[in-house]
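In our numbering, the protein residues as written are 72 to 393.
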């Protein structure tokens, strides 16, 4: 593992990931507006906004590189930085404000996925939808808490870029990082769990079911990157001796890969977007009697609903073309 990457390499990785995310989002917009000729959904707007905040974070790093702060070997404590005290203070000021779009990218990605889940969770799955709304509430509260901690953890604000003893302590910086990360990873885990509460209960074709498992299962990649980022910063971040380039590399990969993975479920219709999902009761090979026979589920949420109700036209359309 490269523990001290070059600033130029970090920026190249960042913009490569941004281009991939841009391509995924454009593909989604083309699918929705041109192929399907439908209006954009809330999740589409969240994706676009997430890309913009990710690009803003990458632009901050370009400024840091031009100022010399993202040169190889420069630590968060600015050991190895060759600029003036005024330039060092300016770096810390920009670095503080760059945290806002960085954390916003995480939560816009979550909002995009949660918007999709609001569509595909059937109304009669009362308990599951309650859990979904609980997760939405948690994510909204986590974002609010994170932004508040960034804002009020070290007041007055100018202490974030003060070079004297009046500057923010390492303990307060570390506490803010750990709280923000904990809230973020818990949100990722909850969102990862959500689709597994619904997909197994849907009456879907095997290929569609497995494709959904793979698509939603990609969330484990995002969680893995987040854990690695936390471990690196915790291990090498004592006394701010970790290099800026390493922090920026893993932080951006964590946020942008999360954005890409959040966008991927919306591209599933590309693999066979014209295909209609065949659901129970519509197979012409079955007898007329069998085609209308309900399959009763033992799930408490569905005692009054036959299993084929899970695959109503609305739900199937959501999975096939949403």
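For glycine and all other residues, C-beta sits at the position ideal for the given N, C-alpha and C.
Keep in mind the model is a prediction, meaning the values are calculated, not measured.
Alpha carbon to alpha carbon, what distance is there between residue 262 and residue 255?
11 Å
Give a single yes or no on whether residue 261 has its beta carbon closer than 7 Å to a heavy atom of the ligand SAM.
Looking for the ligand SAM in the displayed structure turns up nothing, as the structure carries no ligands at all.
Using 8 Å as the threshold, is the C-beta distance between residue 296 and residue 336 below it?
No, the pair does not count as a contact, with Cβ atoms beyond the cut-off.
I'd like the span of the alpha helix (DSSP H) that includes residue 331, first residue to last.
315-334
Can you give me the Cβ contacts of residue 329 inside the same chain, cut-off strictly under 7 Å, excluding the 5 residues immediately before and after it?
Beyond the five residues adjoining it in sequence on each side, residue 329 comes within less than 7 Å, by CB distance, of 177, 180 and 293 in the same chain, given in chain order.
Comparing C-alpha positions only, which one of 173, 94 and 118 sits nearest to residue 131?
The alpha carbon of residue 131 has as its nearest neighbour, out of 173, 94 and 118, the alpha carbon of 173.
Give the DSSP-derived three-state secondary structure of residue 155 in the structure shown.
coil
If you drop the 5 nearest sequence neighbours on each side, which residues of the same chain put their C-beta closer than 7 Å to that of residue 374?
Residue confidence is low: residue 374 scores 36 on pLDDT, short of 50, so the model does not pin down where it sits. Its coordinate-derived value is still stated next. Counting only Cβ-Cβ distances below 7 Å, and skipping sequence neighbours, we find nothing.
Can you name, in chain order, every residue of its own chain whose Cβ lies under 6 Å from the Cβ of residue 24, other than the five neighbours on each side?
Here the chain covers residues 72 to 393 and nothing more, so residue 24 does not appear.
Check this for me: beta carbons of residue 156 and residue 234, under 8 Å apart or not?
yes
Using a 10 Å radius around the Cβ and a threshold of 16 neighbouring Cβ atoms, would you call residue 265 buried or exposed?
buried
Taking three-plus beta-carbon pairs below 8 Å as touching, is the segment 215-227 in contact with the segment 237-249?
Result yes; three or more Cβ-Cβ pairs closer than 8 Å.
For residue 302 and residue 114, what's the separation of their Cα atoms in angstroms?
If I take the Cα positions, the gap works out to 31 Å.
If you run the structure through DSSP and keep just helix, strand and coil, what is residue 274?
Here residue 274 carries a coil assignment [DSSP, helix/strand/coil].
Taking the alpha helix (DSSP H) that residue 127 belongs to, which residues open and close that run?
Per DSSP, the continuous alpha helix (DSSP H) segment holding residue 127 begins and ends at 113-138.
What does DSSP give as the partner residue(s) for residue 146 in the beta ladder?
Beta-bridge pairing links residue 146 to 314.
For residue 150, is the classification buried or exposed, using 16 other Cβ atoms within 10 angstroms of its Cβ as the cut-off for buried?
exposed
In terms of alpha-carbon separation, which member of 85, 192, 88 and 101 lies closest to residue 340?
Minimum Cα distance to residue 340 is reached at 101.
Let me check understanding here. Comparing Cα to Cα, which of 183, 122, 121 and 80 lies closest to residue 136?
80
Who are the near neighbours of residue 170 in its chain, counting only those whose CB is closer than 8 Å to its CB and skipping five residues on each side?
221
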